[in-house]
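Have a look at the structure below before the remarks.
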Amino acid sequence: MSTPQQPDGENLLREAVSTTPHCLTIEQLDAYLRAAAAQEQMRTCSTHLASCARCANELAMLREFLGAEVPQGQREDVRAVARALEGNRERLLSAAPGRVETRPSWWGSLAELFTMPRLSFAAAALVLAVSVGLYVRQGRVVETPGEFSGSGVYRSGKVTGITPSGDVAAVPSVVTWSAVPGAQRYQVRMLEVDGNELWKTVVAGSSAPLPAAARIHIAFTKTLLLEVTAIDEAGKQIAISEATRFRLMSRRR
Amino acid sequence: MQHLGDEELIFRFRSGDGPPQNDPHLNELFRRYSERVAAWCWRHTGDRELATDLAQEIFLRVFERLDSFEGNSRFSTWLYTVARNHCLNSVKARAVRKEDALEPMVVEPLDVATPSAEQELIRRGRVDEMRRLMRDELDATEQRVMVMHYGEELSLDAVTRALGLENASGAKAFIVSARRKLQRALERNRGARKGGN
Ligand SMILES: [Zn+2]
């Protein structure tokens, strides 16, 4: 029998504040802070927080970072640092990776055609096909509202076929849409009509289950918006849907 | 543009063109967070120049990797993670560790007859007990000081600054009182265990 390794008070303290497998991720803490998690998750979080000084401290730090409150005595110093930062703004921002290519200036006005709700999409595509077909064929134009595939068939930069849409009789449990060629994953957002984001997820396929955290926002007669963004392997946004409205017209949950 | 979420700004920046420093969405993102990052760095260093350096490094790191941002977490939590780690690491690296010795914590020794298979279980039980005591016996500031000092390994000076403690001896006073409370609670528990059997 080996002599037991005697416990050491200092090690015990260190271990008692170390991370455990039950510790909360920063996303969980963030959701907890905003009360944006499902009730069940909120409970799991608060149970863990009640027993873990480490996570409680992390939550406090996150709150301090996100809260823009600068104590009176630090304001002048913080302002000086912020000014120095501002002086270097251009250099800092220029570190962001460049976009794929610079489009000709007339692109913007063409792009607007696609956002005009009344112009039919086919008509817009036709305008594009007639006027810029050559240019688009030359280079790979990504992150634009529309794109030609090699065969000359117009491929829209829009995600379509979103359900639920319009008035629905029951709380939906899933969002579906038409798959977009080249998409590796999709971001799905549920928004209020003023654009306030209520829920968001990222999935690989062309449907996303609506968890309790999302369903909780679906209230009787309240109009909500769904938005789906297709993202390719390189992380580029290749298509985005119109904000699709839906509304629950039954009290059945 | 102010009504757009951070993630939306990033997506719009990605689908725009021209040099990034001229992009209105990226500028808006920077405007939203520059003071927060400045405040965070100041809080952890207490030095304008150092705080400016750290803040710049944080933004550089984040902007350089902006194309790896996937939108399945929020931009603000990502920025927080970068800022948190960068500041704590930097403060840790700079610490001149020469701190007064504290009274040692006395913990119950293991019985020499304990089979080694049980030792690990007992040790874990002790850690769990200590975790509980920290949460139950210490006040909020004591807890944070303990986590920052023993968990994040920040010097007492750094903890004092990070938590904005304004008492004369800063974090030291909280460490001393926390350890005392924990020691007392350990002895109480130990007595209860003995009395119970
Ligand atoms: Zn934890």
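Chains as they are written, first to last, in the working numbering: chain A, 1 to 253; chain B, 1001 to 1197.
Glycine included, every Cβ here is placed at the ideal spot set by N, Cα and C.
Nothing here was measured: the structure is a model prediction, and the numbers come from that model.
- For the region 234 to 248 of chain A, the set of residues with a beta-carbon nearer than 7 Å to any beta-carbon of chain B comprises Gly235, Lys236 and Gln237, in chain order.
- The continuous beta strand (DSSP E) containing Arg245 of chain A extends over residues Thr244 to Leu248.
- When only Cα atoms are considered, Arg1123 of chain B and Pro1115 of chain B end up about 13 Å apart.
- Relative to Ala37 of chain A, the option among A:Val228, A:Arg247, A:Arg245 and A:Ala214 whose CA is nearest is A:Ala214.
- For a Cβ distance threshold of 8 Å, nothing in chain A lies close to Glu1187 of chain B: the least Cβ distance comes to about 12 Å.
- When C-beta atoms of the region 180 to 192 of chain A are compared with those of the region 229 to 248 of chain A, three or more pairs fall below 8 Å, so the two segments count as touching.
- Along the region 151 to 181 of chain A, there is no position whose C-beta sits under 7 Å from a C-beta of chain B.
- Listed along the chain, the chain B residues whose CB falls inside 7 Å of the CB of Leu62 of chain A are Tyr1080.
- The C-beta of Gly205 of chain A comes no closer than 8 Å to any C-beta of chain B.
- If you compare the alpha carbons of A:Leu198, A:Ala169 and A:Arg189 with that of Ile162 of chain A, the shortest gap goes to A:Arg189.
- The secondary-structure analysis by DSSP pairs Leu224 of chain A across a beta bridge with A:Glu192 and A:Phe246.
- For the C-beta of Ser51 of chain A, the chain B residues within less than 8 Å are, from N- to C-terminus, Arg1131, Arg1132 and Arg1135.
- Of the candidates A:Ala82, A:Leu226 and A:Pro211, A:Ala82 places its Cα closest to the Cα of Phe1059 of chain B.
- The beta carbon of Asn1167 of chain B does not come within 8 Å of any beta carbon belonging to chain A, so the residue lies off that interface.
- Nearest CB-CB separation between Glu15 of chain A and chain B: below the 8 Å threshold.
- For the region 62 to 79 of chain A, the beta-carbon criterion of a distance under 7 Å to any beta-carbon of chain B is satisfied by Leu62, Phe65, Leu66, Ala68, Val70, Pro71, Gln74, Asp77 and Val78.
- Here the region 1124 to 1132 of chain B makes no contact with the region 1014 to 1022 of chain B; the two share fewer than three CB pairs at distances below 8 Å.
- Leu1060, Phe1063, Glu1064, Leu1066, Asp1067, Ser1068, Glu1070, Gly1071, Asn1072, Ser1073, Arg1074, Ser1076, Thr1077, Tyr1080, Thr1081, Ala1083 and Arg1084: these are the residues of the region 1060 to 1090 of chain B whose beta carbon lies less than 7 Å from some beta carbon of chain A, given in chain order.
- Taking the beta carbon of Asp232 of chain A as reference, no residue of chain B falls within 9 Å; the closest one sits roughly 12 Å away.
- Chain order gives the chain A residues near Phe1030 of chain B as Arg89, Leu92 and Leu93, where near means a beta carbon separation below 8 Å.
- DSSP places Val168 of chain A in the strand class (E or B) of the three-state scheme.
- Thr1114 of chain B sits in coil when the DSSP states are folded into three classes, being neither helix nor strand.
- Taken atom to atom, the span from the alpha-carbon of Met61 of chain A to that of Asn1085 of chain B is near 12 Å.
- Under the three-state reduction of DSSP, Trp1042 of chain B is assigned to helix.
- Linking Ser1073 of chain B to Gln187 of chain A through their CA atoms gives a straight-line distance of about 11 Å.
- Proximity of chain A to Ser1034 of chain B at the Cβ level (cut-off 7 Å) is accounted for by Ala82, Leu85 and Glu86, in chain order.
- At least 8 Å separates the CB of Ala1117 of chain B from every CB of chain A.
- For Val193 of chain A, the number of other beta carbons within 10 angstroms of its own is below 16, and it is reported as exposed.
- When the beta-carbon positions are compared, Glu90 of chain A and Gln1002 of chain B stay at least 8 Å from each other.
- B:Glu1166 is the residue among B:Arg1180, B:Lys1172, B:Arg1190 and B:Glu1166 whose C-alpha sits nearest the C-alpha of Gln74 of chain A.
- Gly9 of chain A places its beta carbon less than 8 Å from that of Pro1104 of chain B.
- By the rule that beta-carbons nearer than 8 Å mark a contact, Ser1177 of chain B does not touch chain A.
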